[in-house]
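Asks: Chains as they are written, first to last, in the UniProt record's numbering: chain B, 1 to 163; chain F, 1 to 163.
From the three backbone atoms N, C-alpha and C, an ideal C-beta is built for every residue, glycine too.
Here you go, one structure.
Number of protein chains: 2
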Amino acid sequence: MAYDLDRIDVQILRLLQENARISNAAIAREVGMAPSAVLERIRKLERRQVILGYTAQLNPAALGRGLTAFTNVRTEEAVGATEAGEELARLPGVQEVHHTAGQDCYLVKLRVADTTALAQLLKQFGAVPTVRDTRTTIVLTTVCESNPLPLPDLEAGEGGRQA
Amino acid sequence: MAYDLDRIDVQILRLLQENARISNAAIAREVGMAPSAVLERIRKLERRQVILGYTAQLNPAALGRGLTAFTNVRTEEAVGATEAGEELARLPGVQEVHHTAGQDCYLVKLRVADTTALAQLLKQFGAVPTVRDTRTTIVLTTVCESNPLPLPDLEAGEGGRQA
DNA sequence: TATGAAATTTACCATTT
DNA sequence: AAATGGTAAATTTCATA
Chain B
1 MAYDLDRIDV
11 QILRLLQENA
21 RISNAAIARE
31 VGMAPSAVLE
41 RIRKLERRQV
51 ILGYTAQLNP
61 AALGRGLTAF
71 TNVRTEEAVG
81 ATEAGEELAR
91 LPGVQEVHHT
101 AGQDCYLVKL
111 RVADTTALAQ
121 LLKQFGAVPT
131 VRDTRTTIVL
141 TTVCESNPLP
151 LPDLEAGEGG
161 RQA
Chain F
1 MAYDLDRIDV
11 QILRLLQENA
21 RISNAAIARE
31 VGMAPSAVLE
41 RIRKLERRQV
51 ILGYTAQLNP
61 AALGRGLTAF
71 TNVRTEEAVG
81 ATEAGEELAR
91 LPGVQEVHHT
101 AGQDCYLVKL
111 RVADTTALAQ
121 LLKQFGAVPT
131 VRDTRTTIVL
141 TTVCESNPLP
151 LPDLEAGEGG
161 RQA
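Here is the structure:
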């Protein structure tokens with residue numbers, strides 16, 4: 001159930017991960033197939049949610065969100081509940097919310113303009129029910145973000161055909 | 001210098017962030033402009049690095065990387081140095097590397113298959129010069145990832161025309 | 001910077017193998 | 001599943017405003 005991808009699927013994924021705006025025809029040339037066949041594979045990958053979507057990577061600093069931070073949010077939620085996390089995720093500037101093992105904690109990735117905006121956002125965190133406290137780590141420099149996901153390198157099939 | 005974007009640029013960015021594979025023509029229809037004008041704006045946004053690229057969002061679990069973790073890596077580097085971070089960033093499975101304030105620390109986002117693969121990757125971290133120790137937090141569930149970056153809502157210009 | 005027209009390329013769909 | 005072929009649509013360049 002995990003992945004029934006063949007070599008061509010992986011090639012297509014690699015190309016799309018590298019440049020999501022590449023044309024179908026260009027993909028077809030790269031993989032040595034007819035464009036219609038490539039299109040059908042892409043549609044299938046989308047349908048099976050191997051591809052979740054396509055997005056432009058925007059420069060946060062150019063858009064007035066030059067400050068990145070990670071905040072650990074401790075809550076008093078029941079075990080396994082994620083209501084607080086979902087509420088945090090709705091606040092503008094919150095980019096990721098992960099529920100972590102260890103303490104009853106969320107790890108939240110933030111994009112804000114400056115420390116003033118950070119303070120305002122953290123204040124909003126405090127207003128979310130069950131939030132007990134927060135601990136924030138400010139990012140000084142980002143060495144790398146959005147490294148590509150390593151793709152399996154298959155010689156041929158991988159277990160079988162695709163559905 | 002930060003952003004000389006007008007309302008139409010922001011509209012274009014919003015559409016591309018939502019679906020990077022949207023056609024030029026569709027963008028043009030949405031913003032009420034000729035496709036050629038939209039194309040030129042996109043090229044300019046790319047040139048000015050407001051748009052950094054376009055990427056497919058892939059499902060890590062479907063690609064055999066169902067385990068997400070964040071690792072704090074403490075190093076003995078000189079202040080401001082990022083060689084260790086750059087080396088960490090080259091290891092397959094490392095998706096982000098941020099240099100953080102507070103301790104001499106990197107915060108690293110990982111995508112691995114399972115705890116065995118995690119152990120192997122952390123062992124590689126230990127082999128990087130100046131790395132002193134690591135502390136890893138495992139993600140149980142991800143409430144949200146890749147929330148869109150909030151875009152400025154401009155009524156008209158914002159300071160002036162674009163370069 | 002925007003438009004509109006023209007040439008090229010692409011996407012899409014029905015059909016065949 | 002993949003290729004083919006035909007039509008509509010989109011991309012891109014360029015002249016012009």
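(1) Given a limit of 9 Å on CB to CB distance, which residues of the region 120-146 of chain F reach chain B?
(2) Pairs of beta-carbons, one from the region 100-116 of chain F and one from the region 8-22 of chain F, closer than 8 Å: are there three or more?
(3) Among residues of its own chain, excluding the 5 on either side of B/ARG161, which ones have a beta-carbon nearer than 6 Å to its beta-carbon?
(4) Going by the CB atoms, is the gap between F/ARG74 and F/ASP133 shorter than 9 Å?
(5) Is F/GLY160 close to chain B, meaning its C-beta is less than 9 Å from at least one C-beta of that chain?
(6) Applying a beta-carbon distance threshold of less than 8 Å, which residues of chain B neighbour F/THR96?
(7) On a Cα-Cα basis, can you pick out the residue from B/CYS105, B/ASN19, B/LEU52 and B/VAL128 that is closest to B/LEU91?
(8) Which residues, taken in chain order from the region 48-60 of chain F, show a beta carbon closer than 7 Å to some beta carbon of chain B?
(9) By the criterion of Cβ-Cβ separation under 9 Å, what are the contact partners of F/PRO35 in chain B?
(10) Along chain F, which residues have their Cβ under 7 Å away from the Cβ of B/GLU76?
(11) Along chain F, which residues have their Cβ under 8 Å away from the Cβ of B/ALA89?
(12) Should the region 20-28 of chain F be regarded as contacting the region 19-27 of chain B, the criterion being three or more beta carbon pairs within less than 8 Å?
(13) Would you kindly check if the distance between the Cβ of B/ARG29 and the Cβ of B/LEU154 is under 9 Å?
(14) Starting from the beta carbon of B/ARG43, find every residue of chain F whose beta carbon is closer than 7 Å, and list them in chain order.
(15) Run through chain F and tell me which residues come within less than 7 Å of B/THR100, C-beta to C-beta.
(16) For F/LEU88, I'd like the list of residues in its chain whose CB is within less than 7 Å of its CB, leaving aside the five on either flank, ordered along the chain.
(17) Excluding the 5 residues preceding and the 5 following F/LEU39 in the sequence, name in chain order all residues of the same chain whose CB lies nearer than 6 Å to its CB.
(18) By a C-beta neighbour count over all protein chains shown, 10 Å radius and 16 as the cutoff for buried, is F/ALA119 buried or exposed?
(19) Using a Cβ-Cβ distance under 9 Å, would F/VAL13 count as near chain B?
(20) Out of F/ASP104, F/THR136 and F/ASN147, state which residue places its alpha-carbon closest to the alpha-carbon of F/THR130.
(21) Under 9 Å, do B/ALA69 and B/THR136 count as touching if we go by C-beta distance?
(22) What residue range is occupied by the uninterrupted alpha helix (DSSP H) comprising B/GLU86?
(23) Establish whether the CB of B/LEU67 and some CB of chain F are separated by less than 9 Å.
(24) Quick one: what does DSSP say B/ALA37 is sitting in, helix, strand or coil?
(25) Drop a sphere of 10 angstroms on the beta-carbon of F/ARG43, count the other beta-carbons inside from all chains shown, and report buried for 16 or more, exposed for fewer.
(26) At least one CB of chain B closer than 9 Å to the CB of F/GLY93: is that the case?
Replies: Per the coordinate set shown:
(1) THR137, ILE138, VAL139, LEU140, THR141, THR142, VAL143, CYS144, GLU145 and SER146
(2) no
(3) For the purposes of this step, residue 161 of chain B is taken as the residue at position 161 of the first sequence. For B/ARG161, the predicted model reports a pLDDT of 40, less than 50, meaning its position is unreliable and no value from the coordinates is stated.
(4) In the second sequence, residue 133 of chain F corresponds to position 133, counting from 1. In the second sequence, residue 74 of chain F corresponds to position 74, counting from 1. Cβ atoms of F/ASP133 and F/ARG74: closer than 9 Å.
(5) As a first step, residue 160 of chain F is located in the second sequence; it is residue number 160 there, counting from the start. Reliability fails at F/GLY160, whose pLDDT of 40 lies under 50, so the model's placement of it is uncertain and no value is given.
(6) Counting from one through the second sequence, the residue named residue 96 of chain F turns up at place 96. Note on residue identity: the sequence assigns Glu, not Thr, to residue 96 of chain F. Here the neighbours are THR142, CYS144, GLU145, SER146 and ASN147.
(7) Counting from 1 along the first sequence, the entry for residue 91 of chain B is found at position 91. Among B/CYS105, B/ASN19, B/LEU52 and B/VAL128, the Cα nearest to that of B/LEU91 is on B/VAL128.
(8) GLN49, VAL50, ILE51, LEU52, GLY53, TYR54, THR55, ALA56, GLN57, LEU58, ASN59 and PRO60
(9) Counting from one through the second sequence, the residue named residue 35 of chain F turns up at place 35. In chain order: nothing, as chain B lies at least about 15 Å away.
(10) On the first sequence, position 76 is the one that residue 76 of chain B refers to. Neighbours of B/GLU76 on chain F: none; closest Cβ ~17 Å, over 7 Å.
(11) Residue mapping note: residue 89 of chain B aligns to position 89 of the first sequence, counting from 1. Under the 8 Å cutoff, chain F gives VAL143, CYS144 and ASN147.
(12) yes
(13) Counting from 1 along the first sequence, the entry for residue 154 of chain B is found at position 154. Counting from 1 along the first sequence, the entry for residue 29 of chain B is found at position 29. Cβ distance not < 9 Å, so B/LEU154 and B/ARG29 don't count as in contact.
(14) As a first step, residue 43 of chain B is located in the first sequence; it is residue number 43 there, counting from the start. None at all; the shortest Cβ gap to chain F is about 12 Å.
(15) Here residue 100 of chain B refers to the residue found at position 100 when the first sequence is read from its first residue. Correct list: THR137, ILE138, VAL139 and LEU140.
(16) Residue 88 of chain F sits at position 88 when you count from the first residue of the second sequence. Correct list, in chain order: VAL73, VAL94, VAL97, TYR106, VAL108, PHE125 and VAL128.
(17) Position 39 of the second sequence, counted from the start, is the residue given in the question as residue 39 of chain F. The answer, listed in chain order, is ASN24.
(18) As a position in the second sequence, residue 119 of chain F is number 119, starting the count at 1. Answer is exposed; the Cβ neighbour count stays below 16.
(19) On the second sequence, position 13 is the one that residue 13 of chain F refers to. For the sequence presented, residue 13 of chain F should be read as Leu rather than Val. It does: the Cβ of F/LEU13 has a partner Cβ on chain B nearer than 9 Å.
(20) By one-based count along the second sequence, residue 130 of chain F stands at place 130. Minimum Cα distance to F/THR130 is reached at F/ASP104.
(21) Start at 1 with the first residue of the first sequence, and residue 69 of chain B comes out as number 69. Start at 1 with the first residue of the first sequence, and residue 136 of chain B comes out as number 136. Their beta carbons are under 9 Å apart, which means B/ALA69 touches B/THR136 by this criterion.
(22) For the purposes of this step, residue 86 of chain B is taken as the residue at position 86 of the first sequence. 83-89 is the extent of the alpha helix (DSSP H) around B/GLU86.
(23) In the first sequence, residue 67 of chain B corresponds to position 67, counting from 1. Closer than 9 Å: no.
(24) Taking the first residue of the first sequence as position 1, residue 37 of chain B is located at position 37. Three-state DSSP puts B/ALA37 in a helix.
(25) Against the second sequence, residue 43 of chain F aligns to sequence position 43. It counts as exposed.
(26) Counting from one through the second sequence, the residue named residue 93 of chain F turns up at place 93. By this cut-off, F/GLY93 is an interface position.
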